Amino acid sequence: MSDNYEPSSALGKWFDKRLPLLTLFAGHVLPYPTPKNLNYWWTFGGILTFCLVAQIVTGLVLAMHYIADADQAFSSVEHIMRDVNYGWMLRYIHANGASMMFMAVYIHMARSLFYGSYKEPRELIWIIGVFIFLLMIATSFMGYVLPWGQMSFWAATVITNLFSAVPLVGESLTNWLWGGYAVGSPLLTRFFTLHYLLPFLIFALVILHVWALHVPGNNNPEGIDVIKGSQDTVPFHPHYVVKDIFALVVFLVIFAGFVFFVPNLLGHTDNYIQANPLQTPEHIVPEWYFLPFYAILRAVPDKLGGVILMVSSIAILAFLPWLDTSKVRSAKYRPLYKQFFWLFIADVILLGYLGSQTADGLFLIIARIATAYYFVHFLVLMPLLGFVEKTKPLPKSISEPVLSKEEREGQSTQSV
Amino acid sequence: MKKLIFNIIFAFLFLISSGYASEIHEPLHPEWSFKGPLGKFERASLQRGYQVYTEVCSGCHSMDLLSYRNLTEEGGPEFSKEQAKAMAAMFEVQDGPNGDGEMFMRPAILSDYFVSPWENKQQARVANGGAYPPDLSVIVKARAGGADYIYSLLIGYEDLPSDMKIDDGVYYNIYAKNQRIAMPQPLYEDGVEYTDGTAATPEQMAHDVTTFLTWAAEPKLEARKRIGFKVITYLIILSFLLYFTNRQIWKDSH
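If you read the protein sequences in the order shown, they are chains A and B.
Numbered by our numbering, the letters in the first sequence go through residues 1144 to 1559 in order.
Numbered by our numbering, the letters in the second sequence go through residues 2 to 255 in order.
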């Protein structure tokens, strides 16, 4: 795509001959051929990259002022809020940024599910994405522990206790994780260390994610391959650079709305109470973005079983390219899958709601049904649909469904 | 089909959630000058609120995260430096060691943190029948319902219904969890004598002190909203420009 690229300036030529960074950049950004029919659901990759960088930059400054110690963490966060210049803004951007990033990643994943972006030849892009998601979960969870409020402490207690469900070595493993016999300073300092490290691993995976993407190129709403050298693609710059920035700025309006006007809406009030190991909060709830998985965890009466099911609910995503047996990518041409897609989304939202409620009575029964359906969707419906579904005829090319009837006729006479 | 499924789910959720309706009273919703996208604290109310805090609350509740210099800062009660110095000097703090290696007491200065009524948590517990009066620095952010809840709680004391029994050292408050609270009624008519002549009704005092506590929990609230308004205006204008740029770029591509 850019074999014949050559920098225009003398310095550029000198540099590129020795280290072809400019060629690399030019190949992946400037003329990178992109399907011209991508809709706004495709802008979330760029949005997520922005969020990641924003989290790293704000986090870097916060880390300069934060003290990872059980006695001082809470007041050091308040010191950031009160005494550090614009510390309140940095912290609110960072805390809400995690929520915004999860909102974006869920949309990004749902888009993949709807348009079949995980299918051949894009399996690796998807699997790397699942690993990014896993690292995001770990990073945000550890980040949530750092302010050392009541929810921080008890979330850390609940989640690290899950490791005690491991047969035989469970207890030793948990004590090893804690660095002692209870959740305290040793755990806090190691969480802080890892919370600082993991975003850079995410960043590395994002590079692989984009690299792998640029081999086959983007999927698109029609789910069909682009015809090389045709009218199907446009250069990434300026078409998608500007479109992505536009979408990003609209996203930032919502982001800023949270940061500046309801900065604590997505958090839990109990996290403004300093951690107290002697007092368990009435309801221990995770951040909103973990609620569906929390509901799955609690749906099983057995601790180990719950942990296995919760881990499976994420791990199963990695096998999706092979669980989905349909050759057709886009749900636009899969009338049955389209229905089940929305049903699945509704199921996840329902699980999220149930995760925020107490796990007893009717809630628990519904949570079990919803959990079962979650797995049925992947293990039964997805493989089955490929065989029983009668898909709609696919367009011949991306340009076809976009062109009007006359244009299409005109084009076909041209090609003859 | 899709719609039907959603309707069934939501009807169902509504049914189960209404079945679990709580017995807790919904807090009152008084007018707050700091609510809304451009809200600001009412300066006089913050100053009166500080007076209520020092004369009533601070007998039992600490505010560890605030220092006397905060009282002079922009967006807060904005007392003059002299006023704040005088207020600080009313408290004694331990300092030292001096040249002889002795700790000594001196009047507090602006850089000192609010002096706690207790030497330690245990002393506070013993003095309050086992219940620790929580630190008030971020109390408004630490309670569901925020300012509305704190305000309601402060004036929510009523006579115990005849069919209800309650332990010693626990008080009846309609806004508290299970209508029980370990804090005795703090605000009575003319409990403080306002220096600005405002009539000190319990509602007025509750309103003032809650305003003060909201500022204490969120001292940068005014700056946050002010900057936020500019940021959002800027982003919206930028998004319009980008929208038209984007249209221009794509106009020949379909």
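The beta carbon of each residue, even a glycine, is placed where N, CA and C say it ideally should be.
Fair warning: this is a prediction, and the values are worked out from it, not measured in the lab.
Specify the secondary structure class of residue i as computed by DSSP and reduced to three states.
i: residue 202 of chain B; result: coil
i: residue 18 of chain B; result: Confidence in residue 18 of chain B is poor, its pLDDT being 49 and thus under 50, which makes the residue's placement too unreliable to answer from.
i: residue 225 of chain B; result: helix
i: residue 1323 of chain A; result: coil
i: residue 1423 of chain A; result: coil
i: residue 112 of chain B; result: coil
i: residue 1501 of chain A; result: coil
i: residue 1417 of chain A; result: strand
i: residue 130 of chain B; result: coil
i: residue 1377 of chain A; result: strand
i: residue 192 of chain B; result: coil
i: residue 1541 of chain A; result: coil
i: residue 1188 of chain A; result: helix
i: residue 234 of chain B; result: helix
i: residue 1526 of chain A; result: helix
i: residue 1555 of chain A; result: Any reading at residue 1555 of chain A needs caution, since the residue's pLDDT is 48, under 50, leaving its predicted position unreliable; the model's value is listed next. DSSP places residue 1555 of chain A in helix when its eight states are reduced to three.
i: residue 1435 of chain A; result: helix
i: residue 162 of chain B; result: coil
i: residue 1177 of chain A; result: strand
i: residue 124 of chain B; result: helix
i: residue 35 of chain B; result: coil
i: residue 1482 of chain A; result: helix
Residue i and residue j: beta carbons closer than 9 Å?
i: residue 1500 of chain A; j: residue 1414 of chain A; result: no
i: residue 1479 of chain A; j: residue 1531 of chain A; result: yes
i: residue 1392 of chain A; j: residue 1236 of chain A; result: no
i: residue 1360 of chain A; j: residue 1183 of chain A; result: no
i: residue 1240 of chain A; j: residue 1201 of chain A; result: yes
i: residue 45 of chain B; j: residue 199 of chain B; result: yes
i: residue 138 of chain B; j: residue 64 of chain B; result: yes
i: residue 176 of chain B; j: residue 160 of chain B; result: no
i: residue 222 of chain B; j: residue 42 of chain B; result: yes
i: residue 1275 of chain A; j: residue 1348 of chain A; result: yes
i: residue 1400 of chain A; j: residue 1467 of chain A; result: no
i: residue 158 of chain B; j: residue 186 of chain B; result: yes
i: residue 154 of chain B; j: residue 206 of chain B; result: no
i: residue 1412 of chain A; j: residue 201 of chain B; result: no
Could you check how far apart the C-beta atoms of residue i and residue j are, in whole angstroms? I think they sit under 8 Å.
i: residue 59 of chain B; j: residue 118 of chain B; result: 6 Å
i: residue 1322 of chain A; j: residue 1330 of chain A; result: 6 Å
i: residue 52 of chain B; j: residue 195 of chain B; result: 7 Å
i: residue 171 of chain B; j: residue 183 of chain B; result: 6 Å
i: residue 1127 of chain A; j: residue 1205 of chain A; result: Any property of residue 1127 of chain A remains undetermined from this structure, which presents chain A solely from 1144 to 1559.
i: residue 215 of chain B; j: residue 105 of chain B; result: Not quite, the Cβ-Cβ distance comes to about 36 Å (not below 8 Å), so this is no contact.
i: residue 1246 of chain A; j: residue 1345 of chain A; result: That pair is no contact at about 17 Å.
i: residue 1296 of chain A; j: residue 1420 of chain A; result: 7 Å
i: residue 1357 of chain A; j: residue 1171 of chain A; result: 6 Å
i: residue 1216 of chain A; j: residue 1427 of chain A; result: Not really, about 19 Å apart at Cβ, beyond 8 Å.
By DSSP's criteria, residue i is part of a beta bridge. Which residues make up the other side?
i: residue 263 of chain B; result: Only positions 2 to 255 of chain B appear in this structure, which leaves residue 263 of chain B out of reach.
i: residue 1511 of chain A; result: Residue 1511 of chain A is not bridged to any residue.
i: residue 68 of chain B; result: B:114
i: residue 76 of chain B; result: For residue 76 of chain B, which the question treats as bridged, DSSP gives no partner whatsoever.
i: residue 173 of chain B; result: B:181
i: residue 28 of chain B; result: Partner(s): none; residue 28 of chain B has no beta bridge.
i: residue 1292 of chain A; result: A:1417
How big is the Cα-Cα spacing for residue i and residue j?
i: residue 109 of chain B; j: residue 89 of chain B; result: 5 Å
i: residue 1558 of chain A; j: residue 1461 of chain A; result: Residue placement at residue 1558 of chain A is poorly supported in this model, since its pLDDT is 43, which falls under 50; the coordinates still yield a value, given next. C-alpha separation (whole angstroms): 42 Å.
i: residue 1510 of chain A; j: residue 27 of chain B; result: 28 Å
i: residue 1197 of chain A; j: residue 180 of chain B; result: 45 Å
i: residue 1455 of chain A; j: residue 1185 of chain A; result: 27 Å
i: residue 131 of chain B; j: residue 1442 of chain A; result: 38 Å
i: residue 1449 of chain A; j: residue 1521 of chain A; result: 18 Å
i: residue 1290 of chain A; j: residue 1536 of chain A; result: 54 Å
i: residue 1328 of chain A; j: residue 1418 of chain A; result: 12 Å
i: residue 1388 of chain A; j: residue 243 of chain B; result: 8 Å
i: residue 235 of chain B; j: residue 1437 of chain A; result: 39 Å
i: residue 249 of chain B; j: residue 1384 of chain A; result: 13 Å
i: residue 1314 of chain A; j: residue 1446 of chain A; result: 14 Å
i: residue 121 of chain B; j: residue 55 of chain B; result: 19 Å
i: residue 1405 of chain A; j: residue 1303 of chain A; result: 31 Å
i: residue 1540 of chain A; j: residue 1416 of chain A; result: 59 Å
i: residue 225 of chain B; j: residue 1188 of chain A; result: 29 Å
i: residue 1337 of chain A; j: residue 1432 of chain A; result: 20 Å
i: residue 1489 of chain A; j: residue 1516 of chain A; result: 11 Å
i: residue 147 of chain B; j: residue 212 of chain B; result: 11 Å
Kindly list, in the order they appear in chain D, the residues whose Cβ is closer than 8 Å to that of residue i.
i: residue 246 of chain B; result: The structure shown contains no chain D; the protein chains it does contain are A and B.
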